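To start, the structure under review is shown below, and the notes come after it.
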Ligand code: UDP
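Numbering (the working numbering), first residue to last: 10 to 490.
Here it is as structure tokens:
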């Protein structure tokens, strides 16, 4: 069968308003554009600013179409268009609402100037009926992992596994014997239900992962759902590979990278809880205590509630007395209070371990850099991602969580104690086998993004599939929706 049209495809990408969703989908758009397709990223003014620089090298290959962000209607301050700018559930709820309110403007764009294919983030649950109504084929991008979807489905199928009051809970039926230390909140099942539902009308699902990482789970997922998965990641590594080929360079250097230049290879622990988690002062204090007691060097990114609300940088409340001065004097630790260049930090040779909240992007970025992890999930799917690190592939040490949380903003009642963190840091930094396993997975990731590697082949197969969708009559494609 012929699988190629004579012209480039016109593809619209729609990233959701959160960094963990937007970064990998913009990367995917860049990759598809680098294969000669006509790509448009649809977004709002402030969200566009977050990635403008990253696509500036891509020239005319990528268009950005700006739609209005209905912030005024929702009572949001100017420029608050991304969950990174939220530090409470109410603001986050309004940003989620905005993702629904932009629907008419996007539909009108698609009517006036229809694309061949629409690739929205899975969070735009309305996109299914839009693509049906307009007879435009749709493929969703899912920023969480296939492994998570398998866990979610296995947990749903086996309520009997969670009958006892306290854990650990064994999860039956998956390719590996997995345990959860705490019971998943029933609320999480409800949240994920609508997301898993949104996959249903799609021709398949695209993920920021690579086949070798999801080994065993891709087959499980495809058998379970009957949907195809395209592994096109790690997208940041795929883009890096493309950029290398076009000889592009990164410009400004963050001061933390210069600080890391002065450190020995593998000697610094990097700590970051992603773009959304706002830990309580109590929890931050425990982390600081654990880091200090571990005696290891560290680079710690802190995003606090007050950074957003009133720029309150009073460290007295959340750091042990004299902590910052002592760390500075001993040249042992550095704090970044704001956005950090995470992908660059992780790939710096001085980084020897990563204390992470287990956001999916954090995880694939650490794998790409061959950095072993200390896992301390913050909310949602992160409790599952932890298991991929510590029980499936075993390139990390588990700290775990004291409590299941649905939201990145609500302070947990029970905090993880500093001693647990100290122990995990010491164990990871002294364990050669875990490090070795992280390096092995890194090699697999690097092979996946090379010519002929699994992710490059999957990207080719994806574009062939999109071409095939366009070759079949539009009504048939929409019927498959
Ligand atoms: N990130 C970053 N600097 C920060 C915080 C986060 O570059 O200070 C990036 C990180 O590299 C990742 C994304 O933001 O690409 C966060 O996604 P992830 O899935 O790890 O976590 P989330 O923020 O969604 O909880």
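Where a beta carbon is used, it is the ideal one built from N, C-alpha and C, also for glycine.
Keep in mind that this is a model prediction, so the values were computed, not measured.
Within the region 273–316, ranges of the beta strand (DSSP E) (whole runs, at least 3 residues): 277–281, 306–310
Pairwise C-alpha distance: residue 460 and residue 536: The requested residue 536 does not occur in the structure, where the chain is confined to residues 10 to 490.
Range covered by the alpha helix (DSSP H) that runs through residue 61: 54–64
Identified DSSP bridge partners for residue 239: According to DSSP, residue 239 bridges with 215.
Assigned exposure category for residue 320 - 16 Cβ within 10 Å defines buried: Only weak support is given to the placement of residue 320: the predicted model assigns it a pLDDT of 45, under 50, and the question is left unresolved by the model.
Closest Cα partner of residue 82 within the set 106, 203, 446: Of 106, 203, 446, the residue nearest in Cα terms is 106.
Distance cut-off 7 Å: residue 286 Cβ against heavy atoms of the ligand UDP: yes
From 337, 146, 250, residue whose alpha carbon lies closest to that of residue 474: Comparing Cα-Cα distances from residue 474 to each of 337, 146, 250, the minimum goes to 146.
Whole-angstrom distance between residue 342 and residue 333, CA atom to CA atom: Rounded to the nearest whole angstrom, the C-alpha separation of residue 333 and residue 342 is 8 Å.
Boundaries of the alpha helix (DSSP H) in which residue 380 is found, first to last residue: Note, residue 380: premise wrong, no alpha helix (DSSP H); not H, not E.
Whole-angstrom C-beta distance between residue 127 and residue 117, which should lie under 8 Å: Not confirmed; about 14 Å, so no contact.
Residue 342: first and last residue of the uninterrupted beta strand (DSSP E) it sits in: 342–345
Cross-strand partners of residue 22 (DSSP beta bridge): 50, 128
Segments assigned beta strand (DSSP E), at least 3 residues, entirely inside the region 397–452: 405–407
beta-carbon residue 374 near the ligand UDP non-hydrogen atom, thresh 7 Å: Yes, since a heavy atom of the ligand UDP falls inside the 7 Å radius drawn around the Cβ of residue 374.
Every unbroken alpha helix (DSSP H) within the region 107–167, with a cutoff of 4 residues, ordered by chain: 112–121, 136–143, 155–166
Whether residue 34 touches residue 22 by CB criterion (8 Å): yes
Where the alpha helix (DSSP H) through residue 29 begins and ends: 28–43
Sequence-distant residues of its chain with Cβ nearer than 6 Å to residue 294 (five each side left out): 327
Under the three-state DSSP convention, the category residue 73 falls into: strand
Contact set for residue 90: own chain, Cβ-Cβ below 8 Å, skip 5 residues either direction: Within the same chain, residue 90 has close Cβ partners 26, 53, 54, 55, 56, 78, 80, 104, 107.
Contact check, residue 373 vs residue 242, beta carbons under 8 Å: yes
Beta-carbon proximity of residue 302 to residue 427, cut-off 8 Å: yes
Distance, residue 211 Cα to residue 472 Cα: 15 Å
Rounded straight-line distance, which links the Cα of residue 403 to that of residue 17: 42 Å
Residues near residue 110 in its chain [Cβ-Cβ closer than 8 Å; skip 5 each side]: 79, 82, 83
Residue 138 versus 119, 358, 479, residue with shortest Cα-Cα distance: 119
Neighbourhood of residue 255 by C-beta, 6 Å cutoff - its chain only, sequence neighbours within 5 removed: With a pLDDT of only 49 at residue 255, under the threshold of 50, the placement of this residue in the model should not be trusted; the figure read from the coordinates follows. Here the set comprises nothing.
Nearest neighbour of residue 251, chosen from 40, 32, 387 [CA to CA]: 40
Buried or exposed by the 16-neighbour rule on C-beta atoms within 10 Å, applied to residue 348: exposed
Pairwise C-alpha distance: residue 19 and residue 70: 11 Å
Heavy atom of the ligand UDP within 7 Å of residue 351 beta-carbon: Here the distance from the Cβ of residue 351 to the nearest heavy atom of the ligand UDP is below 7 Å.
Beta-bridge partners of residue 179, as assigned by DSSP: 188
Contacting residues, own chain, Cβ-Cβ under 7 Å from residue 240 (five flanking each side not counted): 216, 218, 219, 220, 223, 463, 464, 467
Which of helix, strand or coil DSSP assigns to residue 222: In the structure shown, residue 222 sits in coil (DSSP, three-state: anything other than H, G, I, E or B).
Check: residue 371 C-beta below 7 Å from any heavy atom of the ligand UDP: The closest heavy atom of the ligand UDP lies less than 7 Å from the beta carbon of residue 371.
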